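Step one of this worksheet: look at the structure below.
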Amino acid sequence: MKKKNPIQAFFASVKLTLFVLFMLAILSIIGTVVPQNKPAEFYVEVYGANMAGLFQTLDVPDMYSSWWFTGLLILLSLNMVVCILERFPNAWRLITMDNLQMKLQKLERMGRRGLFSSNMSVSKTTEVLKDIFARNGWKFQQKSQDDGTLLFSQKGTWSRLGVYAFHASILIIFVGAMIGSFWGYKAGVRIPETTSTDTVYEFGTNKPIKLDFEVKCKRFKLTYYETGMPKEFRSELAIIENGKEVLAKSIVVNDPLSYKGLTFYQSSYEAYQKLLVTLKNNETGVGKEFLIPPGEEIPWAEEKVSFGVINKQMTATPGHFRYKIWFNDNNGEAGNFWMEEDSTSTFQRPQATYTITLKEFFATGLQVTKDPGVWCVYFGCILMILSLIVAFFFSHRRIWLYVSESGQGSRILMSGSANKNKVGFDKTFAALTESIQENEYMEAVSGQ
Amino acid sequence: MNSSQLLGVSTLGFLLASMLYIGALIFRAKTASLVASILTLLTFLVLTGGIGLRWNESYQMGFGHAPLSNMYESLVFFAWSIVIFYLILEFKFKNRILGAFAIPFAFVSMAYASFAKGINQQIAPLIPALQSNWLIAHVMTCFVGYAAFAVACGLGVMYLLKSDGKKEKTTGLIGTLPALKIIDDIIHKTIVFGFLWLSVGIITGAIWANSAWGTYWSWDPKETWSLITWFVYAATLHARFTRGWTGKRIAWLAIIGFISVIFTYFGVNFLLAGLHSYGSS
Ligand code: HEM
Numbered sequence: 000m001k002k003k004n005p006i007q008a009f010f011a012s013v014k015l016t017l018f019v020l021f022m023l024a025i026l027s028i029i030g031t032v033v034p035q036n037k038p039a040e041f042y043v044e045v046y047g048a049n050m051a052g053l054f055q056t057l058d059v060p061d062m063y064s065s066w067w068f069t070g071l072l073i074l075l076s077l078n079m080v081v082c083i084l085e086r087f088p089n090a091w092r093l094i095t096m097d098n099l100q101m102k103l104q105k106l107e108r109m110g111r112r113g114l115f116s117s118n119m120s121v122s123k124t125t126e127v128l129k130d131i132f133a134r135n136g137w138k139f140q141q142k143s144q145d146d147g148t149l150l151f152s153q154k155g156t157w158s159r160l161g162v163y164a165f166h167a168s169i170l171i172i173f174v175g176a177m178i179g180s181f182w183g184y185k186a187g188v189r190i191p192e193t194t195s196t197d198t199v200y201e202f203g204t205n206k207p208i209k210l211d212f213e214v215k216c217k218r219f220k221l222t223y224y225e226t227g228m229p230k231e232f233r234s235e236l237a238i239i240e241n242g243k244e245v246l247a248k249s250i251v252v253n254d255p256l257s258y259k260g261l262t263f264y265q266s267s268y269e270a271y272q273k274l275l276v277t278l279k280n281n282e283t284g285v286g287k288e289f290l291i292p293p294g295e296e297i298p299w300a301e302e303k304v305s306f307g308v309i310n311k312q313m314t315a316t317p318g319h320f321r322y323k324i325w326f327n328d329n330n331g332e333a334g335n336f337w338m339e340e341d342s343t344s345t346f347q348r349p350q351a352t353y354t355i356t357l358k359e360f361f362a363t364g365l366q367v368t369k370d371p372g373v374w375c376v377y378f379g380c381i382l383m384i385l386s387l388i389v390a391f392f393f394s395h396r397r398i399w400l401y402v403s404e405s406g407q408g409s410r411i412l413m414s415g416s417a418n419k420n421k422v423g424f425d426k427t428f429a430a431l432t433e434s435i436q437e438n439e440y441m442e443a444v445s446g447q
Numbered sequence: 000m001n002s003s004q005l006l007g008v009s010t011l012g013f014l015l016a017s018m019l020y021i022g023a024l025i026f027r028a029k030t031a032s033l034v035a036s037i038l039t040l041l042t043f044l045v046l047t048g049g050i051g052l053r054w055n056e057s058y059q060m061g062f063g064h065a066p067l068s069n070m071y072e073s074l075v076f077f078a079w080s081i082v083i084f085y086l087i088l089e090f091k092f093k094n095r096i097l098g099a100f101a102i103p104f105a106f107v108s109m110a111y112a113s114f115a116k117g118i119n120q121q122i123a124p125l126i127p128a129l130q131s132n133w134l135i136a137h138v139m140t141c142f143v144g145y146a147a148f149a150v151a152c153g154l155g156v157m158y159l160l161k162s163d164g165k166k167e168k169t170t171g172l173i174g175t176l177p178a179l180k181i182i183d184d185i186i187h188k189t190i191v192f193g194f195l196w197l198s199v200g201i202i203t204g205a206i207w208a209n210s211a212w213g214t215y216w217s218w219d220p221k222e223t224w225s226l227i228t229w230f231v232y233a234a235t236l237h238a239r240f241t242r243g244w245t246g247k248r249i250a251w252l253a254i255i256g257f258i259s260v261i262f263t264y265f266g267v268n269f270l271l272a273g274l275h276s277y278g279s280s
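Listed below in structure tokens is the structure:
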């Protein structure tokens, strides 16, 4: 063994890993007990001025991005990288080595071995053995050695990479998180129905960020369960670029809209004491959209019409209302009628029929996220799961058969090794021993 | 017949089965342990039926969703996972004594769900944030992991009972427990299994958070505690794989790890506030 320099030895040690993992576990607790990212006054109020001062010095109010927590994560990464680099060459050697170069003396001493005799010649025995093993999925390479033939077969060779891929996946997730925090942002925006915007506001700083397209909220809809609990927040969004609608999607919580690296999430809403009404004269085909406060007379000058909403009642469905509409087009007497929100009704006047729709007016609250690292994180996650399965449940198993001349027939030495799950390998080995013995021309001399 | 009756019967079934397993251990009664196993299997079927029925009932109430949406339902699913995990273990290792250290966890979980104050058993519709298939995947995978950790903890206790300094107690009641080497091996395999599922659980949770809020990780107390649990088991695996820890130290780590699981599950809901606080009702 080469002598390592002390710094490398420090970073390559698994004792350090255990220490860092336990430290991370213990220190992480702080941030779950002390509420994070509250205004400074909060800490003074709850913990007193002295304690609050100490907290601020040690970055406790934002501990997961503090220098010491980040430092611990960097230490973990360094430890992992050095440790992997140190061990990987050996693993790679074991994966790529030519196992037919294995010394015969080593095979004679291997942990799992069995000795058999055969009445057949070396070449015939070799063929029969290959046949038996092929039935169990073992394919052999072979080579002549001394006065016999050496056969080698292995399974799960690449599973040796599992543990390296797993640790790499942690690093890949870290890289993804870093990409996100350097080149991404989180922002919010409130868009009243029927309007659009090209500016969002960064969380925390409230700094405006201009997008190179516009987002429009065509409609926002809130529905309730019968119990009165909110059931769904739905925004009909559209992306408008150069005055043209290029994409439309109806989003709900858990189903956002993505466009050009930005993702728009339904996060809140705001209700106004206003109603959104569309009126259409079915004779002329002329229609118009109005945003009106209840209880006021609203003129529609072009059509010489005036109307208003004069009453409101809850319907049998919780959170769902009906409204009383007053309408006058100076042809006959002014009329009034009830209609439910989010519905359309058509009514007859002496000179024309009109269609009216009505809904409460909302602004949708969207969270806007730009995270160019998220694919890196997801890739790391998939790699993590696959590599864990490989690392935990697959092992590298190797079997050698050395067939040599012995009197009238041949002598067979079977040796094997597995890097993990030795109990499982013992069973495999025993089964193979069994199937050799089943052949009428071969029998066990000794087994181990 | 409705789901709450079936779930009530299951609670009783696991109580009886626990007593039979423990009785079988104390009195070395082979028949009792066989009866315990059969009873556990039957109760498991009743419980499965109860969960299925509850699922169906939620559809009849007009807002169908998988029964994994609140504390009550997750406790019931926790019990279900412990039992199926245990039954597989019993079948695989052909050992019924393990039941005395596993089925009581299922009973406690059911009993706690049924009788603890502040746990709402009503089937309620889902608020918008919870309407996601990722949530179902998240809860199921986490709880399969937690179930394995519960059993590992039970086995850890068993190990500590059996070990006697550097030796193994071979006389008396404790002497009938499986050999230390076997317990140690099962603890390790169980932790490996749980670690894999917990990893998938944390990942599916992150994907869910990202699809609902645009943030896959926000260091809220529940997330952080699940990560703490993950660190504890990762340290345990390293200690074993690379430093050769076995036996008592791993048994203790199995117990410490499970304490961390319990805290992730209850402590965070009841003692700390956060994103996941809806889970407390
Ligand atoms: C601090 C950095 C880390 C170092 C230096 C490190 C080092 C190692 C080493 C040397 C092994 C044994 C590999 C072998 O079989 O030859 C190992 C295995 C393992 N590590 Fe890490 N590790 C680190 C961090 C982590 C973390 C953070 C996790 C997960 C939370 C983790 C999970 C695992 C698992 C599950 C195994 C077992 C795989 C197996 O052999 O079956 N490691 N680690």
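These protein sequences, in sequence, are chains A and B.
Number 447 marks the last residue of the first sequence (numbering that gives the first Met the number 0); no jumps.
Number 280 marks the last residue of the second sequence (numbering that gives the first Met the number 0); no jumps.
Glycine included, each C-beta is placed from N, C-alpha and C at the ideal position.
Every value quoted in this text rests on a predicted model; they were computed, and no experiment measured them.
Residue-level contact by beta carbon fails for N89 of chain A and chain B, as no gap is shorter than 9 Å. Under DSSP, C216 of chain A forms a beta bridge with A:L236.
Between F148 of chain B and A253 of chain B, the C-beta spacing is below 9 Å. Counted as a single uninterrupted DSSP element, the stretch harbouring V285 of chain A is not any alpha helix (DSSP H), since DSSP gives it neither H nor E. For chain B, the residues of the segment 375-397 of chain A that bring a beta carbon within less than 8 Å of one of its beta carbons are V376, Y377, C380, M383, I384, L387, I388, F391, in chain order. Annotation for S180 of chain A: no beta strand (DSSP E) segment contains it, though the alpha helix (DSSP H) segment containing it runs 161-182.
The three-state secondary structure of A333 of chain A, taken from DSSP, is coil.
The beta carbon of Y224 of chain A sits closer than 9 Å to some beta carbon of chain B.
Scanning its chain for C-beta atoms nearer than 6 Å, with the 5 sequence neighbours on each side dropped, one finds around Q153 of chain A the residues R397, in chain order. Using a Cβ-Cβ cut-off of 9 Å, Q7 of chain A does not count as an interface residue toward chain B, since no Cβ of chain B sits closer than that to its own. Residue contact check for N69 of chain B against chain A: no CB pair falls below 9 Å.
In this structure, the beta-carbon distance from L154 of chain B to M109 of chain B does not fall below 9 Å. Across the set B:H237, B:V138, B:Y215, B:Q130, the C-alpha of B:V138 shows the shortest separation from the C-alpha of T263 of chain B.
The beta carbon of Q130 of chain B falls within 9 Å of a beta carbon belonging to chain A, placing the residue at that interface. Taking the CA atoms as reference points, L170 of chain A sits about 10 Å from L72 of chain A. Chain-ordered, the chain B residues with CB closer than 8 Å to the CB of Y264 of chain A read A211, W212, G213. Just measuring C-alpha positions, the residue of A:T363, A:L99, A:S65 sitting nearest T196 of chain A is A:T363. It is roughly 19 Å from the alpha-carbon of V13 of chain A to the alpha-carbon of V191 of chain B.
Inclusion of T432 of chain A and G113 of chain A in the CB contact set at 9 Å is warranted, their separation being smaller than that value.
When Cβ-Cβ separations below 9 Å define contact, S259 of chain B makes contact with chain A.
DSSP, read as helix, strand or coil, puts E439 of chain A in coil.
As far as DSSP is concerned, M109 of chain A takes part in no beta bridge.
Contact annotation: the segment 172-180 of chain A does not touch the segment 122-135 of chain A, with fewer than three C-beta pairs closer than 8 Å. By the neighbour-count definition (other C-beta atoms within 10 Å, threshold 16), N89 of chain A is an exposed residue. If you draw a straight line from the Cα of S68 of chain B to the Cα of W79 of chain B, it is about 15 Å long. Residue A:F391 holds the alpha-carbon nearest to the alpha-carbon of K421 of chain A among A:S405, A:F391, A:Y440, A:A186. The Cβ of D183 of chain B sits no closer than 9 Å to any Cβ of chain A. When the Cα atoms are used, I206 of chain B and T228 of chain B turn out to be separated by approximately 19 Å.
Cβ neighbours of V199 of chain A within its own chain (closer than 6 Å, five residues either side excluded): A186, V188, I208, V367. In the three-state scheme derived from DSSP, where H, G and I count as helix and E and B as strand, N268 of chain B is classed as helix. Just so you know, the alpha carbons of V389 of chain A and I239 of chain A end up roughly 47 Å apart.
Relative to the Cα of Y232 of chain B, the nearest Cα in the group B:W196, B:G266, B:N209 belongs to B:W196. Residue B:N94 holds the alpha-carbon nearest to the alpha-carbon of A35 of chain B among B:E56, B:N94, B:W54, B:G144. Contact of I28 of chain A with chain B is assigned, a C-beta pair being separated by under 9 Å. Non-local C-beta neighbours of I81 of chain B in its own chain, meaning closer than 6 Å and more than five positions away in sequence, comprise F104, A105, A146, A149, ordered along the chain. In the three-state reduction of the DSSP assignment, M338 of chain A falls in the strand class.
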